[in-house]
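Novice: What follows is a structure written as structure tokens; I'll ask about it next.
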Amino acid sequence: MLTRHHVSVADLEAIATGRITAPTGTRIAAAERSRRMLMLRALAAAERETEESAGPLPPLAHAFELLARAEALDPHAVASVLRHPPVGVWAVRLLGRLQGGVAGPRPGEPPLWREAGYAHALAAAAALRAGLPARVRLPAWAGKVILPTVGHAVLDDAPGDHDVATLETDGRGPARVTLGPHTLELPADPHLRAPGWHPAHLLSWTPREPGPAVLLDDADPYRDFRSPWPPPAPLTDGESDTWQRHLHDAARLLGARHPDAARTVPLVLNSLVPLPGMPRFRTSSASYAEAFGSALVSLPRDAVDFAVTLVHESRHSVLNGLSHQIQLVDRAARGPRQDTLLYAPWRTDPRPPWGLLHGTYAFTGVADFWRTERHALAGPRAVLAHFEFAVWRDAVAIALRTLAGQPGLTPWGRSFVTEMARQTVPWADDDVPAEAFAPARAELADLRSTWCSHNLAPDPAATRLLADHRLGGGPGEEVTVPPSRPRADPPQRQPELRCELRRLHIADAGTFTPDTLARLSGVERSPDLLEADMCLLRGGPANAARAVDRYRAVLTGAPATRPAWVGLGLALEASGEGETATSLLHRPELVRALALEERARGARTPDPLELARWTARIPGLITQPATGVPQL
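Using the numbering used here, the first residue of the sequence shown is number 38, and each one after it goes up by one.
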């Protein structure tokens with residue numbers, strides 16, 4: 038029988054402020070377990086109506102019956118398997134295929150029977166963990182047999198020749214896995230490595246104290262929700278040890294200075310999916326609502342980098358769990374409707390209200406982390422921490438103001454946002470040193486203006502009228518500012534490189550050379566634009582003036598270059614031409630569109646500085662250009 042779950046007002050307030058107790062975390066996890074059980078029940082019902090789902094394997098009912106027998110013998114063993122985050126990813130995908138009536142796989146998808154067969158892999162893993170005698174037929178994935186949470190076997194040198202494997206265990210001695218002509222005997226202790234056998238990597242939060250294990254998942258076909266069925270990428274023992282060392286260091290840091298986060302992170306994260314290492318200041322991480330308890334994370338650079346990433350992703354996981362119990366945002370406000378797409382300072386794309394709330398909650402944890410961490414560091418690292426706090430404190434404030442005005446929030450959601458605001462509003466009074474505050478303000482302007490330049494577009498007819506007027510010698514004071522609207526198809530893009538360069542300059546100005554930056558960032562950028570960025574970020578009136586000249590030169594030759602328009606606005610503001618900078622920082626999409634319109638008519642490319650000055654004189658230019666985009 039499934040348990041009824043509820044969220045108390047006290048739980049909601051504790052979650053909103055990041056002060057999650059063990060009982061609250063336990064209640065969230067229990068609700069997720071019930072959700073998984075409901076998914077399995079729905080899968081069993083859906084499969085009964087789909088004849089071709091089993092293929093060469095037994096029906097799902099056989100797997101579920103084995104899970105039930107294992108649970109009767111060892112409930113903890115089955116609970117450990119069912120809370121495995123990929124189970125949620127798999128269940129949602131399979132349920133969609135079964136209920137959608139898809140007769141055949143789409144390109145890149147496995148056959149339906151193989152996807153359904155993951156249930157047999159789960160049952161086999163549960164039987165092994167519980168010590169239950171069993172003989173299970175289960176799918177092979179590219180010559181590998183996956184036993185979720187236990188490990189994976191490699192038996193076949195010719196992937197694809199054999200699709201179905203068999204696991205046999207008497208519940209006491211070593212289990213055997215057979216695939217075609219190959220048979221592999223697993224170690225008596227499946228935690229040990231052996232030829233052909235790769236045990237699951239289990240990490241601990243602390244070196245000495247017992248506690249929940251963290252699975253470092255390098256094998257499960259559903260570990261990466263972004264692209265299911267990646268082949269296993271086995272980590273070496275040395276690589277696993279590196280992750281373990283980083284996790285111990287991060288947990289020690291959180292325990293010493295961030296007690297709320299130190300309590301929350303182990304409560305809600307039980308699986309880490311390793312991603313390749315990334316350049317400095319570009320850590321990659323992700324989470325997914327149906328993969329509760331999991332975070333995809335690139336190899337961290339140090340304990341601080343890992344700790345703040347764990348804080349960020351644990352908050353996403355908490356909110357995912359909460360959203361499975363109560364509705365914070367109306368369902369109509371969850372999707373990408375064009376009239377409800379909003380600005381999120383940490384994203385390159387517009388977000389629906391639900392996405393904005395998710396990010397705001399995660400970055401509130403990030404800001405809170407830096408609010409404390411900045412006082413424990415010294416030198417450039419302290420300046421960088423002050424900078425990060427100032428950026429994310431103000432970014433969260435912007436997002437909370439946007440959310441407060443959204444009609445799509447439910448009463449629960451409005452209470453949640455109110456509690457977040459009550460916690461964070463006093464942070465505005467926290468002092469930030471000038472050497473961190475100034476670049477933080479520039480960062481926020483950069484983020485907003487860059488977002489506008491990519492995601493907004495002025496009315497084409499109004500832009501043509503502006504070009505007519507300007508090319509005819511008319512002054513900007515005589516025209517009406519045209520509105521901008523969200524683009525229907527904003528281009529996919531990486532975060533603006535200049536934001537990464539800003540952090541590099543704060544952290545280590547001595548390495549701030551073009552060659553070093555190119556090596557550190559790994560992002561292509563034209564040398565002229567990179568030189569303009571470097572002049573801007575070095576600071577001071579002389580460098581700002583040089584940056585103006587360099588951005589101007591870039592735009593004269595390539596007026597479509599969005600980062601250069603925003604960079605020119607930042608450089609003009611830094612050099613004391615704030616009035617001219619207005620048009621570029623508030624309406625970069627308008628200035629760029631006007632430049633391209635004039636050039637398309639066969640006229641010479643307009644002088645970017647002259648165009649910015651002309652546009653800045655348009656009455657009413659400093660207005661909110663589109664829904665959800667705040668003023669600077």
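From the three backbone atoms N, C-alpha and C, an ideal C-beta is built for every residue, glycine too.
Using a threshold of 7 Å, state whether the C-beta atoms of residue 185 and residue 331 are closer than that.
Specialist: Along the sequence shown, one-based indexing puts residue 185 at 148. Along the sequence shown, one-based indexing puts residue 331 at 294. Contact: no.
Novice: Which whole-angstrom value is the C-beta distance of residue 66 and residue 58, which I expect to be below 8 Å?
Specialist: Along the sequence shown, one-based indexing puts residue 66 at 29. Along the sequence shown, one-based indexing puts residue 58 at 21. That belief does not hold up - the Cβ atoms of residue 66 and residue 58 are roughly 13 Å apart, past 8 Å.
Novice: Taking only runs of the alpha helix (DSSP H) that begin and end inside the segment 384-413, which ones reach a length of at least 4 residues, in chain order?
Specialist: 390-410
Novice: Starting from residue 176, trace the alpha helix (DSSP H) in both directions and tell me its first and last residue.
Specialist: Reading the sequence shown from its first residue, position 139 is the one you call residue 176. Segment 171-176 is the beta strand (DSSP E) holding residue 176; no alpha helix (DSSP H) there.
Novice: Closer than 8 Å is the cut-off here; do at least three beta carbon pairs connect the segment 413-431 with the segment 466-477?
Specialist: At 8 Å Cβ cutoff, the stretches touch.
Novice: Can you tell me the Cα-Cα spacing of residue 285 and residue 402, whole angstroms?
Specialist: By one-based count along the sequence shown, residue 285 stands at place 248. By one-based count along the sequence shown, residue 402 stands at place 365. Going by the C-alpha atoms only, they are around 20 Å apart.
Novice: Of the residues 508, 381, 534 and 539, which one's Cα is nearest the Cα of residue 485?
Specialist: Position 448 of the sequence shown, counted from the start, is the residue given in the question as residue 485. A check of alpha carbon separations from residue 485 across 508, 381, 534 and 539 identifies 381 as the nearest.
Novice: Assuming contact is defined by CB atoms lying nearer than 7 Å, are residue 544 and residue 421 in contact in what I supplied?
Specialist: If you number the sequence shown from 1, residue 544 lands on position 507. If you number the sequence shown from 1, residue 421 lands on position 384. Contact: yes.
Novice: Closest to residue 262 by C-alpha separation, out of 511, 607, 388 and 329, would be which residue?
Specialist: The sequence position of residue 262 within the sequence shown is 225, counting from 1. Of the listed residues, the one whose Cα sits closest to residue 262 is 329.
Novice: Just the Cα atoms here: how many angstroms apart are residue 289 and residue 415?
Specialist: Taking the first residue of the sequence shown as position 1, residue 289 is located at position 252. Taking the first residue of the sequence shown as position 1, residue 415 is located at position 378. For residue 289 and residue 415, the gap between their C-alpha atoms comes out near 19 Å.
Novice: With 16 other CB atoms within 10 Å as the buried threshold, where does residue 264 fall?
Specialist: Residue numbering aside, residue 264 sits at position 227 when the sequence shown is read from its first letter. Exposed.
Novice: Can you name, in chain order, every residue of its own chain whose Cβ lies under 7 Å from the Cβ of residue 413, other than the five neighbours on each side?
Specialist: Along the sequence shown, read from residue 1 onward, the residue named residue 413 stands at position 376. Taken in chain order, the residues that qualify are 294.
Novice: Residues in the same chain with beta-carbon distance under 6 Å from residue 327, minus the five sequence neighbours each way, listed in chain order, please.
Specialist: The residue labelled residue 327 in the question sits at position 290 within the sequence shown. Hits under 6 Å: 125, 126 and 129.
Novice: Using only CA atoms, which one of 217, 499 and 582 lies nearest to residue 192?
Specialist: As a position in the sequence shown, residue 192 is number 155, starting the count at 1. Checked all of 217, 499 and 582; the closest Cα to residue 192 is 217.
Novice: Indicate the three-state DSSP secondary structure (helix, strand or coil) for residue 236 in the structure shown.
Specialist: By one-based count along the sequence shown, residue 236 stands at place 199. Of the three classes helix, strand and coil, the one that applies to residue 236 here is strand, per DSSP.
Novice: Are the segment 104-119 and the segment 163-173 touching by the rule of at least three beta carbon pairs closer than 8 Å?
Specialist: yes
Novice: Out of 364, 119, 342 and 102, point me to the one whose CA is closest to residue 44's CA.
Specialist: Numbered from 1 along the sequence shown, position 7 holds the residue referred to as residue 44. Among 364, 119, 342 and 102, the Cα nearest to that of residue 44 is on 364.
Novice: Which of helix, strand or coil does DSSP assign to residue 562?
Specialist: Residue mapping note: residue 562 aligns to position 525 of the sequence shown, counting from 1. Assigned with DSSP and collapsed to three states, residue 562 falls in coil, not helix or strand.
Novice: Taking DSSP's pairing of strands, which residues face residue 670 in a bridge?
Specialist: Outside the shown range of the chain (38 to 669) lies residue 670, about which nothing can therefore be said.
Novice: Tell me where the beta strand (DSSP E) around residue 183 begins and ends.
Specialist: If you number the sequence shown from 1, residue 183 lands on position 146. Run containing residue 183: 181-184, per the beta strand (DSSP E) assignment.
Novice: Less than 7 Å separating the beta-carbons of residue 534 and residue 575?
Specialist: Taking the sequence shown and counting its residues from 1, the one referred to as residue 534 is at position 497. Taking the sequence shown and counting its residues from 1, the one referred to as residue 575 is at position 538. Not in contact: residue 534 and residue 575 (Cβ atoms no closer than 7 Å).
Novice: Considering only residues of the same chain and omitting the five flanking positions on each side of residue 503, which have a CB-CB separation below 7 Å?
Specialist: What you label residue 503 is simply residue 466 of the sequence shown in a count that begins at 1. For residue 503, same chain residues with a beta-carbon under 7 Å away, outside a window of 5 residues either side, are 516, 519 and 631 in chain order.
Novice: At which residues does the beta strand (DSSP E) containing residue 222 begin and terminate?
Specialist: If you number the sequence shown from 1, residue 222 lands on position 185. Residues 219-222.
Novice: How long is the line joining the alpha carbons of residue 492 and residue 525, rounded to whole angstroms?
Specialist: On the sequence shown, position 455 is the one that residue 492 refers to. On the sequence shown, position 488 is the one that residue 525 refers to. Each residue's Cα considered, the two are about 9 Å apart.
Novice: Identify every run of the beta strand (DSSP E) within the segment 249-326, keeping only runs that are complete inside it and at least 3 residues long; order them along the chain.
Specialist: 250-253 and 308-312
Novice: Which one or two residues does DSSP pair with residue 446 in a beta bridge?
Specialist: In the sequence shown, residue 446 corresponds to position 409, counting from 1. Residue pairing by DSSP places residue 446 opposite 366 in a beta bridge.
Novice: Alpha carbon to alpha carbon, how far is residue 657 from residue 394?
Specialist: As a working mapping, residue 657 is identified with position 620 in the sequence shown. As a working mapping, residue 394 is identified with position 357 in the sequence shown. Straight-line Cα distance between these residues: approximately 30 Å.
Novice: With DSSP as the reference, identify every bridge partner of residue 674, one or two as the case may be.
Specialist: Because residue 674 is not part of the residues shown, which for the chain are 38 to 669, the question remains open.
Novice: Given a cut-off of 7 Å on the beta-carbon distance, is the pair residue 335 and residue 324 in contact?
Specialist: Counting from one through the sequence shown, the residue named residue 335 turns up at place 298. Counting from one through the sequence shown, the residue named residue 324 turns up at place 287. At the C-beta level, residue 335 and residue 324 stay beyond 7 Å of one another.
Novice: Between the Cα of residue 268 and the Cα atoms of 648, 179, 206 and 348, which residue gives the shortest distance?
Specialist: As a first step, residue 268 must be located in the sequence shown, where it is residue number 231. Here the closest residue by C-alpha is 179.
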